[in-house]
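Each residue of the sequence shown is one higher than the last, beginning at 1 in my numbering.
Glycine included, C-beta positions come from ideal geometry on N, C-alpha and C.
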Amino acid sequence: MGGGHFVGAHGAFRRVPPFGDPGRYRAAAALLRAARESLTSADGDLLLVVDDAHDLDSLSATLVYQLALTGSARLVVTVHSEAPMPDVVAALWTDQLLSRIEVRPLDAAGTAAVLASALGTPPPGALADEIFARSQGNPLYLRHLIEGDGLVQAGDGWRCRDVQRLPLFALIDVYLRGLPQPVRGVLDYLAVAEPLPRTDLTALAGEQAVEQAAGVVLFDDQEQARAAHPLYAQRARAALGPERARSLRAAVVAQLSTHPSDHVGDQLRLAALAADSDTPAPVAATVSAAQQALRLGDLVLAERLSRAALDRSEGLAARLVLAYALAWQGHGREAGAVLAAVDPDTLSDTELMAWALPRAANQFWMLDEPERATAFLQTIRNRVAAPTAKATLDALAATFAMNSGTPLRALRIAGEVLASPHADEVGVGWAASTAALCSARTGRFGEVEALAARAVAGEHPGLLRFTSGFARVTALVMAGRLDAARSLAQRYTDFAELQQPGRAIGEVLVAYVAIAQGDFDTAVALLGPASDALARTGYSWGPLSLMLLAHALGQQGKQVEAAKVLSRAESRHGLKSALFAPELALAKAWARSARGDEIGAIDAAREAVQAAERGGQSAIALRALQDAARLGDIRAVYRAERLAVEVDCVLGRLTLAHARALAAGDADALAEVAADLADAGLHPAAADAAAQSRRAQLVR
């Protein structure tokens with residue numbers, strides 16, 4: 001296809017330089033931007049053809065999604081309908097970015113037409129029916145049936161050879177076994193390393209063999225060789241014994257190494273081939289490739305390469321990559337075991353920090369041992385001497401304090417880190433994102449934007465951008481800017497980290513705003529899959545997603561579903577998610593409301609207010625008071641009077657007006673509040689205030 005590009009796993013990153021500048025490529029997001037710029041700058045009108053997109057690695061799939069989202073390229077994407085695929089690939093059509101066209105098998109008439117064209121005469125009806133029953137309309141089956149002499153002409157017409165009663169895979173196996181040995185050799189090289197440049201394939205298999213393989217092997221306009229059909233390579237690969245496959249990979253690695261590439265995708269591909277060959281790369285090179293895979297977000301490849309390195313050497317660097325890859329895939333206990341095998345007494349201060357930070361984080365979130373993690377962090381702090389190391393440890397301690405439900409303490413610790421001249425990029429990222437969310441939840445809205453900007457300035461890897469993003473979304477909701485909050489939350493979902501768990505966390509942010517807007521259907525649709533994805537991570541986002549889901553279901557009046565999800569939220573909640581204790585109580589309030597327990601609902605809403613105030617979360621206490629007023633709590637006015645003075649924002653003023661009107665039974669004031677709430681986009685609160693106004697009119 002003229003002017004187009006074909007993309008396979010990591011293929012989009014072949015034109016992107018390696019991580020020579022760690023600051024620039026610290027995050028996968030930076031690499032995605034570089035890849036987008038590399039692709040779109042070369043062609044004014046880019047046509048991108050992505051074949052077998054179900055096989056893409058997560059970062060390449062994310063890049064394809066972003067190109068579709070921004071309209072930067074025209075896209076033709078093929079997937080096997082029954083193959084498992086990255087969520088981002090499926091989102092291409094579920095998010096309605098691309099039209100989904102089902103390429104269906106031929107019907108009986110189409111099968112008969114193909115046979116008539118190939119045979120030069122219409123086949124007998126019985127033969128056409130038999131072939132259709134065997135092939136189920138698969139064009140590849142028909143091709144091998146005809147080209148493989150599966151049909152013979154007898155005196156009474158055409159008939160099938162008995163061998164053609166085989167299923168498709170077996171039919172292809174018969175075809176491959178019949179290939180000349182040199183041609184089969186060409187296909188075997190592609191079976192272990194597809195695609196290959198023509199020059200390399202020729203050097204490996206010989207020019208005559210490559211020419212003889214025409215029809216079995218195809219070349220694109222960049223002279224990259226692929227099997228003529230994916231099943232050819234798949235069946236050839238299945239027929240290779242382990243020793244033969246390793247030998248072939250070793251030969252490919254040796255050939256590709258004669259002209260080393262400085263592009264990330266090529267380097268990772270070569271490292272993966274070498275790891276599964278008879279001639280593995282040096283340990284240091286394998287570890288370096290594993291680190292690059294980790295930065296790219298290819299956790300499976302990072303795990304595979306780091307394990308290969310550890311099999312040959314007990315180096316700390318490989319162990320750290322393996323631990324990160326396992327933890328980020330949700331395998332916290334395995335990651336903990338990998339890190340526990342290290343003797344800290346043998347480490348330098350630099351190595352100690354590199355080992356201690358992931359171990360503490362894994363203990364806190366993945367293993368659900370926050371007390372042990374906090375104590376471990378303090379032990380390491382007492383051991384190190386460098387001010388930068390102490391600042392980084394303090395920044396993580398601030399994050400732990402926030403999640404443990406003590407945001408004021410977290411703010412104090414984070415503030416000290418941010419004021420320190422010794423804090424490095426990692427420490428600033430943790431401290432600033434923590435301070436941003438704590439500021440939003442304690443009502444210090446004026447500080448949120450600057451802190452959020454500082455948190456993401458260094459493009460530190462991981463999920464810190466979502467913490468600061470939640471802070472920004474919370475501040476906008478409290479300011480009554482619901483549309484802006486929804487738009488911002490959606491941008492985090494679309495761009496920040498489309499691979500999991502980033503996409504799920506972004507959807508939690510969207511659902512958080514959707515609930516305030518009354519868009520419960522969207523919230524429920526997002527939170528169901530998001531909570532499933534986050535359950536494997538151990539992050540506090542997991543319990544929060546369940547709390548919000550129970551909340552939304554309760555407001556929909558779905559008492560059974562809300563009760564079930566609430567039970568799951570309560571079982572997942574603990575010290576590591578104590579920051580969200582008010583959200584859990586509000587979920588309980590709306591679950592009770594759904595079953596008609598008005599008194600119990602008000603009690604739970606009051607519990608939410610108290611939980612927020614105990615932790616110094618004044619803004620969240622105001623949110624809880626708004627729900628209490630909606631549920632009919634005439635005593636909400638007393639706390640609202642105090643908190644609305646302490647936290648000056650649109651939502652606080654609306655909550656106070658609502659609580660006052662409710663306590664006074666003032667129908668006109670309630671109607672006015674309902675109109676103001678609707679203007680702010682708080683439609684469920686507006687509807688409840690309007691209903692309370694109508695009831696107040698009846699008792700005049």
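Beta-carbon gap between residue i and residue j smaller than 8 Å
{"i": "alanine 285", "j": "alanine 233", "result": "no"}
{"i": "alanine 663", "j": "valine 637", "result": "yes"}
{"i": "leucine 115", "j": "alanine 133", "result": "no"}
{"i": "valine 79", "j": "valine 89", "result": "yes"}
{"i": "leucine 39", "j": "arginine 74", "result": "no"}
{"i": "alanine 621", "j": "alanine 604", "result": "no"}
{"i": "alanine 450", "j": "serine 420", "result": "no"}
{"i": "valine 473", "j": "leucine 418", "result": "no"}
{"i": "methionine 402", "j": "cysteine 438", "result": "yes"}
Classification of residue i by the beta-carbon crowding that lies within 10 angstroms, buried from 16 upward
{"i": "proline 282", "result": "exposed"}
{"i": "serine 257", "result": "exposed"}
{"i": "arginine 235", "result": "buried"}
{"i": "glycine 427", "result": "buried"}
{"i": "glycine 336", "result": "buried"}
{"i": "leucine 651", "result": "buried"}
{"i": "leucine 408", "result": "exposed"}
{"i": "glycine 23", "result": "For glycine 23, the pLDDT reaches just 34, beneath the cut-off of 50, and the residue's location in the model is therefore unreliable, leaving the point undetermined."}
{"i": "glutamine 208", "result": "exposed"}
{"i": "glutamine 697", "result": "exposed"}
Span of the beta strand (DSSP E), counted from its first residue to its last, around residue i
{"i": "cysteine 160", "result": "157-160"}
{"i": "phenylalanine 219", "result": "217-219"}
{"i": "glutamine 96", "result": "From DSSP, glutamine 96 is part of no beta strand (DSSP E); its letter is neither H nor E."}
{"i": "leucine 151", "result": "151-154"}
Backbone CA spacing between residue i and residue j [nearest angstrom]
{"i": "serine 693", "j": "leucine 544", "result": "33 Å"}
{"i": "arginine 481", "j": "glutamine 490", "result": "14 Å"}
{"i": "serine 618", "j": "alanine 271", "result": "53 Å"}
{"i": "arginine 465", "j": "alanine 432", "result": "10 Å"}
{"i": "isoleucine 146", "j": "glycine 215", "result": "15 Å"}
{"i": "alanine 414", "j": "alanine 309", "result": "37 Å"}
{"i": "alanine 375", "j": "asparagine 382", "result": "11 Å"}
{"i": "aspartate 95", "j": "arginine 319", "result": "38 Å"}
{"i": "arginine 702", "j": "glutamate 223", "result": "One cannot answer for residue 702 here, as it falls past the ends of the chain, which runs 1 to 700."}
{"i": "threonine 379", "j": "leucine 393", "result": "10 Å"}
{"i": "leucine 322", "j": "valine 264", "result": "20 Å"}
{"i": "alanine 530", "j": "glycine 241", "result": "41 Å"}
{"i": "asparagine 362", "j": "alanine 53", "result": "33 Å"}
{"i": "tryptophan 714", "j": "glutamate 561", "result": "The chain is shown from 1 up to 700; residue 714 falls before or after that span and cannot be answered."}
{"i": "alanine 112", "j": "proline 180", "result": "31 Å"}
{"i": "arginine 639", "j": "alanine 435", "result": "26 Å"}
{"i": "serine 577", "j": "alanine 587", "result": "15 Å"}
{"i": "valine 186", "j": "serine 72", "result": "37 Å"}
{"i": "glycine 429", "j": "serine 468", "result": "10 Å"}
{"i": "tryptophan 355", "j": "leucine 463", "result": "19 Å"}
Sheet register partners of residue i (DSSP bridge)
{"i": "valine 50", "result": "Val77"}
{"i": "arginine 412", "result": "Paired residues: none, contrary to the question."}
{"i": "glutamine 224", "result": "Pro197"}
{"i": "alanine 696", "result": "DSSP output for alanine 696 lists no bridge partner at all."}
{"i": "alanine 116", "result": "Paired residues: none, contrary to the question."}
{"i": "alanine 214", "result": "Val217"}
Where the alpha helix (DSSP H) through residue i begins and ends
{"i": "leucine 320", "result": "316-328"}
{"i": "glutamine 378", "result": "370-383"}
{"i": "arginine 614", "result": "598-614"}
{"i": "arginine 237", "result": "230-239"}
{"i": "tryptophan 590", "result": "581-594"}
{"i": "valine 183", "result": "181-192"}
{"i": "cysteine 438", "result": "425-442"}
{"i": "tryptophan 365", "result": "Note, tryptophan 365: premise wrong, no alpha helix (DSSP H); not H, not E."}
{"i": "glycine 542", "result": "541-555"}
{"i": "arginine 269", "result": "264-275"}
{"i": "arginine 572", "result": "559-572"}
{"i": "aspartate 483", "result": "482-491"}
{"i": "proline 529", "result": "520-535"}
{"i": "glutamate 130", "result": "125-135"}
{"i": "leucine 396", "result": "387-403"}
Min CB distance residue i to chain C below 8 Å
{"i": "arginine 104", "result": "Given the protein chain composition of this structure (a single chain), no chain C is represented."}
Residue i Cβ short of 7 Å to the ligand SAH heavy atom set
{"i": "isoleucine 505", "result": "The ligand SAH is not part of the structure shown, which contains no ligands of any sort."}
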